[in-house]
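**Student:**
2 protein chains.
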Amino acid sequence: MIDTSQQVGDLRARRRNATRIEIQQAALELFEENGFEATTVDEIAAAAGVSPRTFFRYFPTKEECVLFDLYGFDEALEACLRAVDPEHFALADIESAYRAVIAGFDDQRSEVAANFKRIQKLVLATPALSRAALGRYTDKSRQLPDLLGTGTSARSRVHIRMVIEIANLEVQCAFEEWAESDDTAEDEPGHELLAIYDDVCARMRTL
Amino acid sequence: MIDTSQQVGDLRARRRNATRIEIQQAALELFEENGFEATTVDEIAAAAGVSPRTFFRYFPTKEECVLFDLYGFDEALEACLRAVDPEHFALADIESAYRAVIAGFDDQRSEVAANFKRIQKLVLATPALSRAALGRYTDKSRQLPDLLGTGTSARSRVHIRMVIEIANLEVQCAFEEWAESDDTAEDEPGHELLAIYDDVCARMRTL
DNA sequence: GCCTAGATGTCACTGACTGCCATATTGGCA
DNA sequence: TGCCAATATGGCAGTCAGTGACATCTAGGC
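Chain order of the listed sequences is H and U.
If you're matching positions, the first sequence starts at 1 in our numbering and goes up one per residue.
If you're matching positions, the second sequence starts at 1001 in our numbering and goes up one per residue.
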């Protein structure tokens, strides 16, 4: 029974993901066309061919239909970080974890990368989305200490959080520079991003 | 004419500030009593003796009636930073600016500090307020580069922003530790905060 | 081809926030 | 003192995000 329901869930999960992507694409087009504020959820739902109520079954907020982690990057990051020893936790550890995720993100052909850049541009241009994206980063930086070390002291928890926040800042800056960078004549967008990320990390060290 | 209106504005501004404080106090009590989400703006307005419409003339959002900078700290910080040379802009510059603001905040007797701690605790306990507070910090980190250097390059603008974000992170951590610290037997709350802040800055250097 | 879980739609509702217009207050001036 | 004009306030109607409840529909497994 459990196996059956899980397999069914697997099929349904794929469908759900497909619907999510459809809604997101409809939303992105409307936001790019008319702006985030001027677009209502009802319009997005209509464009995606679902009811407004269904929209909120897929995304908890209007912002989240842009920011939702469709490709499981958060999970990939956590997997990378679980291998790290919480006692000797340094900035380099998260940096390499992020690096691995960004590299894998490069492997998955440019369609995903293009969508990401589209989203990133929209986020940069929309205050409400910037705030929501920021909230996501911060949520991460508060969840990860709990996930990493259970027996660590309060002092080291703060240390871990600081390290994570700085790593998040690096990623944010890298994504921003990447989104602002010239689109013309880009053969390897993901690699490009990786180079920008490394550069930002290097600059961070010269603080 | 201009002088007159400014003097009138001065008197009215003081009244407006008084009303703002009244609304904020009413809001704080209700939030502490029933929680942020469970409290409606209508209830706050009623408790403060104004109409709901007037509430939104004083604060743009429900969150802002907690976070609004009643004491002009942002302005004080900007004043401290204006004296800095944008070309040789280091983390220590913002740190000392924040330090000066926090110290001045200590001078103004403990009533202000107590209110701040109250607010800080509420913010920590309320996700919606945490996000809004975060947004404020980030807005600052995007405005200050423009304010500091007009002729600086894009590269140094990013550098300035990074420095500011790190400084903001230090302040956030310090405020959090301060709010979480024991209330019992505190003679000098502001000085206490200053010590915590210095400690956080020192720890940040060991990243 | 039925049976049930999960997906979807509809409806009604709350609550934040805004624009508009009428009214009340108040500081400054004749 | 009493009027004028700027400003503050209230009331009202409306938009829109988000939620709960209930009915219906769909599709996978037997």
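All residues carry an ideal CB built from backbone N, CA and C; glycine is no exception.
Is any beta-carbon of chain H found at less than 8 Å from that of Leu1067/U?
**Tutor:** Taking the first residue of the second sequence as 1, we reach residue 1067/U at position 67. Closer than 8 Å: no.
**Student:** Excluding the 5 residues flanking Val1200/U on each side, which residues of the same chain have their C-beta closer than 6 Å to its C-beta?
**Tutor:** Counting from 1 along the second sequence, the entry for residue 1200/U is found at position 200. Counting only Cβ-Cβ distances below 6 Å, and skipping sequence neighbours, we find Glu1170, Cys1173, Ala1174.
**Student:** Have a look at Glu1180/U, Thr1039/U, Arg1157/U and flag the residue whose alpha-carbon is nearest the alpha-carbon of Ser1141/U.
**Tutor:** Here residue 1141/U is taken as the residue at index 141 of the second sequence, counted from 1. If we check each option's Cα against that of Ser1141/U, Arg1157/U comes out closest.
**Student:** Of all Cβ atoms in chain U, is any one closer than 8 Å to the Cβ of Val158/H?
**Tutor:** For the purposes of this step, residue 158/H is taken as the residue at position 158 of the first sequence. So yes, Val158/H belongs to the interface.
**Student:** Please tell me whether Leu1207/U has its Cβ less than 8 Å away from any Cβ of chain H.
**Tutor:** Residue numbering aside, residue 1207/U sits at position 207 when the second sequence is read from its first letter. Yes, contact with chain H.
**Student:** Do Ala97/H and Leu70/H have their beta-carbon atoms positioned less than 8 Å apart in this structure?
**Tutor:** Walking along the first sequence from the start, residue 70/H turns up at place 70. Walking along the first sequence from the start, residue 97/H turns up at place 97. Cβ atoms of Leu70/H and Ala97/H: not closer than 8 Å.
**Student:** Give the residues of chain H in contact with Val1163/U, contact being defined as C-beta atoms less than 7 Å apart.
**Tutor:** Locating residue 1163/U in the second sequence gives position 163, where the first residue counts as 1. Neighbours of Val1163/U on chain H, chain order: Leu207.
**Student:** Should Ala195/H and Glu95/H be called a contact, given that it needs their Cβ atoms to be closer than 8 Å?
**Tutor:** Translated into positions along the first sequence, residue 195/H becomes position 195. Translated into positions along the first sequence, residue 95/H becomes position 95. Cβ atoms of Ala195/H and Glu95/H: not closer than 8 Å.
**Student:** Let me know if Met1001/U comes out buried or exposed under the rule of 16 or more other beta-carbons within 10 Å of its beta-carbon.
**Tutor:** For the purposes of this step, residue 1001/U is identified with residue 1 of the second sequence, where counting begins at 1. Because Met1001/U sits at a pLDDT of 30, beneath the cut-off of 50, its placement in the model cannot be relied upon, and the point is left open.
**Student:** Where does Pro1086/U sit, in a helix, a strand or coil, going by DSSP?
**Tutor:** Translated into the one-based positions of the second sequence, residue 1086/U becomes position 86. DSSP places Pro1086/U in helix when its eight states are reduced to three.
**Student:** Per DSSP, what kind of secondary structure is Val974/U in: helix, strand or coil?
**Tutor:** Absent from the model: residue 974/U. The displayed extent of chain U is 1001 to 1207, so no value can be given.
**Student:** Could you check the C-alpha separation between Glu1176/U and Val1123/U for me, to the nearest Å?
**Tutor:** Counting from one through the second sequence, the residue named residue 1176/U turns up at place 176. Counting from one through the second sequence, the residue named residue 1123/U turns up at place 123. Each residue's alpha carbon lies about 10 Å from the other.
**Student:** In angstroms with no decimal places, state the Cα-to-Cα distance between Leu1144/U and Gly1072/U.
**Tutor:** Residue 1144/U sits at position 144 when you count from the first residue of the second sequence. Residue 1072/U sits at position 72 when you count from the first residue of the second sequence. Whole-angstrom Cα-Cα distance: 16 Å.
**Student:** Rounded to whole angstroms, what's the CA-CA distance from Ala1113/U to Ala45/H? Just pull it up for me.
**Tutor:** Position 113 of the second sequence holds residue 1113/U. Position 45 of the first sequence holds residue 45/H. Roughly 48 Å between the two C-alpha positions.
**Student:** Check Ala1174/U in the structure and name its three-state DSSP category.
**Tutor:** Taking the first residue of the second sequence as 1, we reach residue 1174/U at position 174. Helix.
**Student:** Going along the chain, which residues of its own chain have a beta-carbon closer than 6 Å to the beta-carbon of Leu178/H, five neighbours each way excluded?
**Tutor:** Stepping through the first sequence from its first residue, residue 178/H is reached at position 178. Contrary to the premise, residue 178/H reads as Trp rather than Leu in this sequence. Within the same chain, Trp178/H has close Cβ partners Leu193, Ile196.
**Student:** Please report how far the alpha carbon of Glu1111/U lies from the alpha carbon of Leu1081/U, in whole angstroms.
**Tutor:** As a working note, residue 1111/U is residue 111 in the second sequence. As a working note, residue 1081/U is residue 81 in the second sequence. Taking the straight line joining both Cα atoms gives about 26 Å.
**Student:** Cα-Cα, which of Leu148/H, Ala132/H, Thr138/H, Glu180/H is closest to Cys65/H?
**Tutor:** Within the first sequence, the letter at position 65 stands for residue 65/H. Measuring from the Cα of Cys65/H, the nearest candidate turns out to be Ala132/H.
**Student:** In chain order, what residues of the same chain have a beta carbon less than 7 Å from the beta carbon of Ile1021/U, not counting five sequence neighbours either side?
**Tutor:** By 1-based counting over the second sequence, the position of residue 1021/U is 21. Correct list, in chain order: Leu1070.
**Student:** Following a CB-centred definition, is Arg1203/U positioned closer than 7 Å to any heavy atom of the ligand SAH?
**Tutor:** Ligands in the displayed structure: none, and consequently the ligand SAH is not present.
**Student:** Using a Cβ cut-off of 8 Å (strictly closer), state whether Leu1082/U contacts chain H.
**Tutor:** For this step, residue 1082/U is matched to residue 82 along the second sequence. Note on identity: in this sequence residue 1082/U is Arg, with Leu being the wrong assignment. It does not: the Cβ of Arg1082/U has no partner Cβ on chain H nearer than 8 Å.
**Student:** Say whether chain U places a C-beta atom closer than 8 Å to the C-beta of Thr138/H.
**Tutor:** Here residue 138/H corresponds to residue number 138 of the first sequence, with the count starting at 1. With 8 Å as the cut-off, Thr138/H counts as an interface residue toward chain U.
**Student:** Taking all protein chains shown into account, do 16 or more other C-beta atoms lie within 10 angstroms of the C-beta of Asp1010/U, making it buried, or fewer, making it exposed?
**Tutor:** Locating residue 1010/U in the second sequence gives position 10, counting from the first residue. So Asp1010/U counts as exposed.
**Student:** In angstroms with no decimal places, state the Cα-to-Cα distance between Ala125/H and Pro60/H.
**Tutor:** Looking up residue 125/H in the first sequence gives position 125. Looking up residue 60/H in the first sequence gives position 60. Whole-angstrom Cα-Cα distance: 22 Å.
**Student:** Between Ala1048/U, Glu1032/U, Tyr1137/U, Asp1074/U, which has its C-alpha nearest Gly1104/U's C-alpha?
**Tutor:** Looking up residue 1104/U in the second sequence gives position 104. Nearest of Ala1048/U, Glu1032/U, Tyr1137/U, Asp1074/U to Gly1104/U, Cα basis: Asp1074/U.
**Student:** Buried or exposed for Glu1087/U, please, with buried defined as at least 16 other CB atoms from any protein chain shown within 10 angstroms of its CB.
**Tutor:** As a working note, residue 1087/U is residue 87 in the second sequence. Under this definition Glu1087/U is an exposed residue.
**Student:** Give a yes or no on whether the C-beta atoms belonging to Phe1068/U and Gln1024/U are separated by under 8 Å.
**Tutor:** If you number the second sequence from 1, residue 1068/U lands on position 68. If you number the second sequence from 1, residue 1024/U lands on position 24. For Phe1068/U and Gln1024/U, yes; Cβs fall inside 8 Å.
**Student:** When burial is assigned at 16 or more other CB atoms within 10 Å of the CB, is Gly1135/U buried or exposed?
**Tutor:** Start at 1 with the first residue of the second sequence, and residue 1135/U comes out as number 135. Label assigned to Gly1135/U: buried.
**Student:** Against chain H, does Gly1135/U count as a neighbour if the rule is that its beta carbon must be under 8 Å from one of theirs?
**Tutor:** Working through the second sequence from its first residue, we reach residue 1135/U at position 135. Yes, contact with chain H.
**Student:** Leaving aside the five residues before and after Arg14/H along the sequence, list all residues of the same chain whose C-beta is less than 6 Å from its C-beta, in chain order.
**Tutor:** In the first sequence, residue 14/H corresponds to position 14, counting from 1. Within the same chain, Arg14/H has no close Cβ partners at all.
**Student:** If you reduce the DSSP assignment to three classes, tell me which class Ala1128/U lands in.
**Tutor:** In the second sequence, the residue the question calls residue 1128/U occupies position 128. It is helical.
**Student:** Expressed to the nearest angstrom, what Euclidean distance is found between the alpha-carbon atoms of Glu1032/U and Ser1181/U?
**Tutor:** Taking the second sequence and counting its residues from 1, the one referred to as residue 1032/U is at position 32. Taking the second sequence and counting its residues from 1, the one referred to as residue 1181/U is at position 181. Cα to Cα, the separation comes out at about 18 Å.
**Student:** Considering Cα atoms alone, identify which of Asn17/H, Arg12/H, Leu30/H is closest to Ile119/H.
**Tutor:** Looking up residue 119/H in the first sequence gives position 119. Per the Cα distances, Leu30/H.
**Student:** So, helix, strand or coil for Ala1114/U, using DSSP?
**Tutor:** To locate residue 1114/U, count along the second sequence from 1; it is residue 114. Three-state result, Ala1114/U: helix.
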